[in-house]
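Take the sequence shown: its letters are residues 1 to 120, numbered as in full-length UniProt numbering. Just so it is clear, CB atoms sit at the ideal spot from N, CA and C, and this is done for glycine as well. Small disclaimer: the values here were computed from a predicted structure and weren't measured. So the structure is just underneath, and the comments pick up after that.
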Amino acid sequence: MVNTNPKRSDEPIWWSLFGAGGTWFAMITPVTVLVLGIMVPLGMIDAQAMSYERVSAFATSIIGALFIIGTLALPMWHAMHRLHHGMHDLKFHTGLAGKIACYAFAALISVLAVVFIFLI
1 MVNTNPKRSD EPIWWSLFGA GGTWFAMITP VTVLVLGIMV PLGMIDAQAM
51 SYERVSAFAT SIIGALFIIG TLALPMWHAM HRLHHGMHDL KFHTGLAGKI
101 ACYAFAALIS VLAVVFIFLI
């Protein structure tokens, strides 16, 4: 029998943030680490490309601000969603308090990322 009045769920919101964070972490983060963590220190990219003025100009542009916020916030949503469901899988049933703690921490990091961008 089909339930004609199903209970509303907030899971699509969390799963979409989980998916966005996982995609960002899988596709964007490795390139960022390659460029900033390997190619620049080894001199494969000119040091002038990473001068303070150029990096500051990028960080204060709309594209740079969105990139920094995405780099900080989206993987955190992914990690907190994974932690929330991982605790359940390991039989740590924290209930609503665990869910609120995980997602509130991800929201805090997201808000701090936005505040950080506005303070630059």
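query, result
"Spatial distance of serine 61 from isoleucine 68 (CA atoms)", "11 Å"
"Inter-stretch contact at 8 Å, needing at least 3 Cβ pairs: the segment 40-56 / the segment 88-104", "no"
"Sequence-distant residues of its chain with Cβ nearer than 7 Å to isoleucine 117 (five each side left out)", "Ala65, Ile68 and Ile69"
"Supposed close pair threonine 32, proline 75 - CB separation, criterion 8 Å", "The Cβ separation is near 11 Å, so there is no contact."
"Alanine 57 versus leucine 119 - alpha carbon distance", "14 Å"
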